[in-house]
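Heads up: the sequence shown runs through residues 82 to 171, numbered per the numbering used here.
The beta carbon of each residue, even a glycine, is placed where N, CA and C say it ideally should be.
Below: one structure, written as structure tokens.
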Amino acid sequence: MSPEILALVSGVASAAIMAGPSYLALSRARGAARAEGEATRETIHDAIGRSTELLTVQMAEVQRDVRRLEDWQTSHTAEHLLIRRENGGS
């Protein structure tokens, strides 16, 4: 599992773990529980949003790296074909 995905899972799990106990402690008072629940949802939503943005940026970087690698592989293969042709190979 890549470090980025591990960080995403860890961040979301941490947000849920940190928010969970406070939600349970305040659940006896309905008004407070609603407010805490909303804050928890917002916190988790924000954490997921930030993680999603980070993954989007990282995916774009990976796609650029793959394109560079494909370009390199194409030119490398062409070099070998030219070398074979110059050496009389088929």
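With a threshold of 16 other CB atoms inside 10 Å of the CB of residue i, please say whether the residue is buried or exposed.
{"i": "S132", "result": "buried"}
Please check the pair residue i and residue j, which I expect to be a contact at CB under 8 Å, by giving their CB distance rounded to whole angstroms.
{"i": "A128", "j": "G92", "result": "5 Å"}
Would the beta-carbon of residue i be found less than 7 Å away from any heavy atom of the ligand NAD?
{"i": "S156", "result": "By its list of ligands, the structure shown contains no ligand whatsoever, and the ligand NAD lies outside what it can speak to."}
Going by CA-CA distance only, name the one from the options that's closest to residue i.
{"i": "H126", "options": "L163, H161 and S95", "result": "S95"}
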